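Residue numbers (the numbering used here): 490 to 851. Please read the structure below before turning to the comments.
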């Protein structure tokens with residue numbers, strides 16, 4: 490479904506000329522800039538300190554950067570192939586059009602850095618941390634990370650594709666056109682973030698939590714999510730379509746144009762005073778809780794509710810036309826009220842509905 494997002498360019502060595510530097514130890518040294526286009530193979534750069542150095546076109550193959558520090562550096566078109574680091578630290582560093590291929594980068598940290606047009610593929614990592622960074626036009630593909638923390642950062646046009654992240658936290662970030670596709674998350678938190686056109690697509694996750702976020706035109710499409718909390722967010726046009734959603738809890742959010750079309754919702758709970766433009770078209774609800782929910786422009790065509798409580802809920806401008814009598818037979822609809830325009834009245838459905846449900850055209 491998202492195959493076009495997964496392609497990574499071939500690892501390019503065309504700019505490398507001359508004999509490579511092999512099996513040298515530079516451990517603990519301070520460096521000036523190595524010549525542009527230099528190729529280092531099986532070299533030890535552990536504990537090195539790079540201060541204000543400009544890199545351009547170097548290739549590092551199977552090199553060790555454990556404990557290396559890059560402060561005030563510029564990295565342009567640098568390539569790291571099967572390199573490793575128990576930890577590395579980047580501070581006030583610009584990296585542009587760099588390529589990180591395979592290898593194991595442990596607990597790495599980026600502070601006040603700018604990363605543009607990065608290509609990071611098939612890298613194994615520990616806990617990665619980004620603070621006060623600007624990350625743009627980058628692709629992270631087939632990663633395996635223990636943890637990911639992004640704080641007070643601007644992230645634009647970022648793709649996290651076919652990766653496994655055990656745990657992650659995004660805090661007070663501005664996120665624009667961030668896509669997570671076909672990824673597996675052990676857990677994740679988004680706290681105080683805002684943005685537009687963000688997508689979580691085809692992901693599998695055990696628990697996701699969004700709190701005090703403001704997202705416009707966002708989507709959680711074709712996802713399998715087992716456990717999730719949406720607390721005090723503003724979601725303006727949000728799609729949870731074609732997914733399998735278990736134990737999602739919505740509390741105190743401002744929701745406008747939210748859709749669960751063709752999704753399976755199990756044990757989900759909505760504690761919202763107002764949901765505007767609420768779509769459950771062709772959705773299947775099992776043991777969900779919509780008690781007291783107030784909504785407008787409800788589209789429930791083709792929706793089924795088994796073991797779901799809608800007690801006391803009120804829906805204005807609801808469309809439940811074409812329902813089969815068995816679709817809502819297992820739902821608790823006592824004191825629920827549906828205000829349905831005359832042209833959408835389906836008298837056959839209302840005749841089979843449980844007593845206590847009120848329909849109105851006012």
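From the three backbone atoms N, C-alpha and C, an ideal C-beta is built for every residue, glycine too. Source: prediction; values computed, not measured.
Whole-number beta carbon distance between residue j and residue i, since they are thought to touch under 8 Å
i	j	result
residue 740	residue 716	Their Cβ separation, rounded to whole angstroms, is 14 Å, which puts residue 740 and residue 716 out of contact at 8 Å.
residue 577	residue 554	5 Å
residue 560	residue 589	Residue 560 to residue 589, Cβ: 19 Å. No contact.
residue 625	residue 646	6 Å
residue 621	residue 600	7 Å
Opposing strand residues paired with residue i [DSSP bridges]
i	result
residue 658	638 and 678
residue 773	753 and 793
residue 550	530 and 570
residue 696	Per DSSP, none; premise fails for residue 696.
residue 614	594 and 634
residue 726	Per DSSP, none; premise fails for residue 726.
Beta-carbon gap between residue i and residue j smaller than 7 Å
i	j	result
residue 476	residue 786	Because residue 476 is not part of the residues shown, which for the chain are 490 to 851, the question remains open.
residue 777	residue 754	yes
residue 724	residue 744	yes
residue 628	residue 608	yes
residue 798	residue 816	no
residue 633	residue 603	no
residue 706	residue 685	yes
residue 746	residue 714	no
residue 855	residue 757	This structure cannot settle anything about residue 855, because the visible part of the chain is limited to 490 through 851.
residue 619	residue 641	no
Residue i: CB within 6 Å of a non-hydrogen atom of the ligand HEM
i	result
residue 584	Ligands in the displayed structure: none, and consequently the ligand HEM is not present.
Exposure label - residue i; buried when at least 16 CB within 10 Å
i	result
residue 519	exposed
residue 732	buried
residue 844	Its pLDDT being 36, under 50, residue 844 is placed unreliably by the model, and the measurement read from it follows with that caveat. Residue 844 comes out exposed.
residue 514	exposed
residue 708	buried
residue 694	buried
residue 651	buried
residue 677	buried
residue 574	buried
residue 517	exposed
7 Å Cβ shell around residue i - same chain, five flanking residues per side excluded
i	result
residue 796	775, 776 and 819
residue 762	783
residue 682	659, 661, 662, 664 and 702
residue 800	780, 821, 823, 824 and 825
residue 505	Note that residue 505 scores 43 on pLDDT, short of 50, meaning its location in the model is unreliable; the coordinates nonetheless yield the value given after this. The residues are 526, 528 and 548.
Beta-carbon contacts of residue i that lie in its chain and below 6 Å, excluding the five residues immediately before and after
i	result
residue 680	660 and 700
residue 509	528 and 530
residue 667	644, 647 and 687
residue 579	559, 599 and 602
residue 623	603 and 643
residue 809	789
residue 669	649, 689 and 692
Residues near residue i in its chain [Cβ-Cβ closer than 8 Å; skip 5 each side]
i	result
residue 499	Because the pLDDT at residue 499 is just 44, under 50, the model does not fix this residue reliably, and the value given afterwards should be weighed accordingly. No residues qualify anywhere along the chain.
residue 765	744, 745, 746, 784, 785 and 786
Cβ of residue i within 7 Å of any chain B Cβ
i	result
residue 636	The chain labelled as chain B is not found in the depicted structure, where only one protein chain is given.
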